[in-house]
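2 protein chains.
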Amino acid sequence: MSVVMLEQYREKIRTELDSVVNFWLTYSHDTKYGGFFTCIDKDGHIYDDLKYVWLQGRQVWMYCRLYRTMERFHKEEILQAAKAGGEFLRQFARVPSNSHSWKCAFCLTKDGKTVKIQRSIFSECFYIMAMDELSRVTGDKDMQAEAEQMMDHVIHWVRVDPSELGRPKLPGDEPINSMAVPMMLLCLVQQLTEERDNDLVEKYRETGQWCVKKILQHIQRGGMAILENVSLEGAELNGCQGRLQNPGHALEAGWFLLQYCGKHGDESLQLTAINKFIELQFQRGWDKEHGGLFYFLDVDGHCPTQLEWSMKLWWPHCEALIALLMAYNNTKKPTLLDRFSEVYEYTFSHFSDPENGEWFGYLTQEGKVAMDFKGGPFKGFFHVPRCLYMCERILDGLLGDIN
Amino acid sequence: MSVVMLEQYREKIRTELDSVVNFWLTYSHDTKYGGFFTCIDKDGHIYDDLKYVWLQGRQVWMYCRLYRTMERFHKEEILQAAKAGGEFLRQFARVPSNSHSWKCAFCLTKDGKTVKIQRSIFSECFYIMAMDELSRVTGDKDMQAEAEQMMDHVIHWVRVDPSELGRPKLPGDEPINSMAVPMMLLCLVQQLTEERDNDLVEKYRETGQWCVKKILQHIQRGGMAILENVSLEGAELNGCQGRLQNPGHALEAGWFLLQYCGKHGDESLQLTAINKFIELQFQRGWDKEHGGLFYFLDVDGHCPTQLEWSMKLWWPHCEALIALLMAYNNTKKPTLLDRFSEVYEYTFSHFSDPENGEWFGYLTQEGKVAMDFKGGPFKGFFHVPRCLYMCERILDGLLGDIN
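Residue numbers (my numbering), protein chains in the order written: chain A, 1 to 403; chain B, 1 to 403.
Structure representation (structure tokens):
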């Protein structure tokens, strides 16, 4: 792979990031009630005004991250949008629960009335990401403390007692280790401790280690498969749930682990992250016939029961791009860059919309656009810009080393 | 359309019903713990042993209905299977709730431990269907009373106070009229009162009328659309939820209304059922390019946010076959039989599996098999046999009239 090629990638990725940021700055802001619209059709029209808390939190986080770490996005417009989003979240996302802690809503009306509360941890997690990153650009110590306080609740729910989440305990519903949970917590530990003082790093060190251990439990079948759900003890589970593979998730976990290794210098963990979570899972998840990553697979080759199993979704491809480029950056192994190129070609030729900007999110197995909107209840300003942002920075590093 | 053609349809439908019944008799019975496996792959292998209460109830109902009303299924094997399913349901499906009423689980382990409870009415509804129909073949008056008692709870939850269902009241979550609810209740009113004495008919008469009124509220846009969700007052709702169309559901509602008219002789209602719920909705829902009925559509032509919107599912086609043939039977309008033929051709050539029996459930928009299993968490022994059973009986009637 030539330097010229890497420079072409960087150029394309940089231009695409500018265009994507511009799309959301133009169409997504609710200047009346605050917060962001995320149900945006292919050319920018708002087709639904519900506000999804995951996506509100993620957009605040992404704006702040761009504002704080990339010169060309250090603009008043982006800062103000992030602050307005943060204000909307603080005012409306937290709903009183019947305990001493707060729950966050999952979905709000445009003017902030609660529509739905999930009995899981993820709204709270994206709330934490938003508040911590926003506190970094505003210097608001109260906000940072609030993020930390919420994090302590989440850790309590995950590691000590989930009863405040509101799910009834049922005899047939054994608690499991679902990949999403330790991944999300590891991401938050890294968010909260990044460039913070040693006390905070120490406070969350053991939780970080716990997350890594829990993620590694998902390596199954003698190291030949990453399974999405395992028992709390790390054993394979019965039935469809136990056989489920989610290649995009494994690839995302892979680069979370690589980032963790970057901080903690664990070479054996780095090798596991690359060999198992990234290379093996890419190999398993890539559709050899039509290209693209499957959404779900069954490790024994049964048909998954999720209707979207064979669809090609934008976000696994985003995670694959980051994971493969980061793994290449760490190892300089040419096959990793070849894989990156393969995903890059598929992604830019299928998801990116040169006509109206941003990416389509959902393709059929054969690669036809199945849903033509740019934002929806689960697709906001997050995976695409985070991918482009991470890749641009990694390429900056790679090209800087070369030049 | 010639009599020969109708006879060919009946012959094919009869043979298919025999084959489908045989598939489930052969593969789905759990002889150890009772109840039925429904996660069955393309050639009969069980790929998951969870037991879904909707599907347990539906299978009991269908076995009993066949046993009771069709000579060739009046077999000990079918009766015993129904009884064993009913016993499993009675023993394990009902879970104690914190009020005087019972809730039913949504999902159980193979040995009956509760895995999941939904905060809706549908597990209870299929429990009622099963118990009422089973009480008809066994003559068990206690069981009939139990079905009625559960029905009274369901009516209370729907019409008086939903709080026992366990959903928190949220300021942004206004109660709505979702088509599924009055449809389901109308189906149950017809189930519970069929050939029962006048007291029972009288007891549920007003609820039946209420269901019809609530179903008719879904006719919107000056009679030019059937919308899946409307306000309690029958007004169009904002956003995606308000614009959603579910052609299969509307067609099913259409034949439920026709059955109701058959009992109550309401000609204007019959006309509405046929013109709006059946003909209009078929017209809207049929994919002119690839054939088959879309799963979801947005009345204004936006892309629905449900990932499966463009897929072709087995059950809307089952409902369309019943609705079109019943409408033809009532009116003898040739275009209705032409539509029936069109759906019949698509359905038998795409869903039915001549190799291993039963039907595939999920096709891509283009008609390729997307999931190759015969049963799953939502596909059991219900829509296919009910469709074949209803169509065979209607054809018997039609051919009887002619001969």
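Built from N, CA and C at the ideal position, the CB exists for glycine as well. Please read these numbers as outputs of a predicted model, since none were measured by experiment.
The Cβ atoms of W314/A and W359/A sit closer than 8 Å to each other. A Cβ-Cβ distance of about 4 Å is found for the pair G34/A and F88/A, placing them in contact under the 8 Å criterion. Here DSSP, grouped into helix, strand and coil, assigns S268/B to helix.
The three-state reading of DSSP puts N330/B in helix, counting H, G and I together.
Membership of W359/B in any alpha helix (DSSP H) is not indicated, and neither H nor E is assigned to it by DSSP. Cβ contact annotation for R136/B (same chain, cutoff 7 Å, sequence separation greater than five): C64 and R68, in chain order. For N198/A, the secondary structure class from DSSP, reduced to helix, strand or coil, is helix. V95/A and N177/A do not touch by the CB rule: their CB atoms are close to 28 Å apart, not below 8 Å. Any Cβ of chain A closer than 8 Å to the Cβ of H302/B would place that residue at the interface, and such an atom is present.
No Cβ of chain B is located within less than 8 Å of the beta carbon of V181/A.
In the structure shown, the three-state DSSP call for F282/B is helix. Contact between G239/A and D48/B holds, with the beta-carbon distance rounding to 4 Å and staying under 8 Å. Short of 6 Å from the beta carbon of G112/B, and not among the five residues preceding or following it, lie these beta carbons of its own chain, in chain order: F92.
If you ignore the 5 residues before and after G234/A, its C-beta comes within less than 6 Å of the C-beta of Q217, all in its own chain and listed in chain order. Excluding the 5 residues flanking it on each side, L325/A has same chain C-beta neighbours closer than 6 Å at F340, C391 and I394, in chain order.
A straight line joining the alpha-carbon of L251/B with that of F277/B spans about 6 Å. In this structure, the beta-carbon distance from H290/B to Q190/B does not fall below 8 Å. Residues of chain B whose Cβ lies closer than 8 Å to the Cβ of S310/A are, in chain order, A370. Following the DSSP letters along the chain, one finds V230/B inside the beta strand (DSSP E) bounded by residues N229 to S231. Within the segment 86 to 120 of chain B, those residues whose Cβ lies closer than 9 Å to any Cβ of chain A are, in chain order, V95, A105, C107, L108, T109, D111, G112, K113, T114, V115, K116 and I117.
Unbroken beta strand (DSSP E) stretches of 3 residues or longer found wholly inside the segment 139 to 206 of chain B: 176 to 178, given in chain order. The beta-bridge partner set that DSSP reports for K368/A is empty.
Here the C-alpha atom of F37/A lies approximately 26 Å from the C-alpha atom of Y295/B. In the three-state scheme derived from DSSP, where H, G and I count as helix and E and B as strand, K83/B is classed as helix.
A residue is called buried when at least 16 other Cβ atoms come within 10 angstroms of its Cβ; R72/B does not meet this threshold and is exposed. Inter-segment contact for the segment 55 to 64 of chain A and the segment 123 to 132 of chain A is present: three or more beta-carbon pairs are separated by less than 8 Å. Straight across, the Cα-Cα distance linking Q144/A with Y204/A is about 15 Å.
L244/B sits away from L257/B, with the two beta carbons spaced by 8 Å or more.
Within chain A, the residues K113 and T114 have their CB atoms less than 7 Å from the CB of P171/B, given in chain order. Around the beta-carbon of R386/B, 16 or more other beta-carbon atoms lie within 10 Å, marking it buried.
When C-alpha distances from T138/A are compared across V158/A, V181/A, S120/A and A81/A, the shortest belongs to A81/A. At a beta-carbon threshold of 7 Å, none of the residues of chain A lie near C318/B; the nearest stands roughly 18 Å away. Exposure of E206/A is indicated by the presence of fewer than 16 other C-beta atoms within 10 angstroms of its C-beta. Counting every other CB atom within 10 Å of its CB across the protein chains shown gives I117/A a total of 16 or more, marking it as buried. In the DSSP assignment, I117/B falls outside any alpha helix (DSSP H) and carries neither an H nor an E. Listed as beta-bridge partners of Y52/B by DSSP are C107/B.
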